[in-house]
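Working notes, structure below.
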Amino acid sequence: MTPEYVDQMQWHQTLGFARQVCARVFRDGGAPADALKAFGLGSHVATVKDDWSKAVELIAEVMCAPVQRSAA
């Protein structure tokens, strides 16, 4: 599912990159939780539960998310 705030081209490119990163983690014997931790998403490990497709989509969503500006 593509988030509404993301351009289709950006989403597909980011999804491909997330798949590539997850494939490398898998090849090295890692789990989806390890891929999430590599992107600083350790708090979302419980929602993925060894499902690579959910991990890929979550990583892609984070990479496509607009930058949050901090207050002064």
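Numbering (the numbering used here), first residue to last: 1006 to 1077. By construction, the Cβ of each residue, glycine as well, lies at the ideal position given by its N, Cα and C atoms. Owing to the predicted nature of the structure, the values given are computational and were not obtained by experimental measurement.
With 16 other Cβ atoms within 10 Å as the buried cut-off, status of residue i
i: Thr1019; result: buried
i: Ala1040; result: buried
i: Ala1060; result: buried
Beta-carbon proximity list for residue i, same chain, < 6 Å, skipping 5 on both sides
i: Ala1023; result: Val1061, Ile1064 and Ala1065
i: Val1050; result: Ala1038 and Leu1041
Chain-order list of residues whose beta-carbon lies under 8 Å from that of residue i (same chain, five-residue window excluded)
i: Val1053; result: Pro1037, Ala1038, Leu1041, Lys1059, Ala1060 and Leu1063
i: Gln1015; result: Cys1069
i: Ala1043; result: Val1026 and Val1030
7 Å CB neighbourhood of residue i in its chain, flanking five on each side removed
i: Gly1047; result: Leu1041
Alpha helix (DSSP H) runs contained entirely in the region 1016-1058, provided each spans 4 or more residues: As far as the region 1016-1058 is concerned, its whole alpha helix (DSSP H) runs of at least 4 residues are 1037-1043 and 1050-1053.
Stretch pair the region 1009-1020 + the region 1059-1073: three plus CB contacts closer than 8 Å: The way I'd put it, the region 1009-1020 does touch the region 1059-1073; three or more beta-carbon pairs between them come closer than 8 Å.
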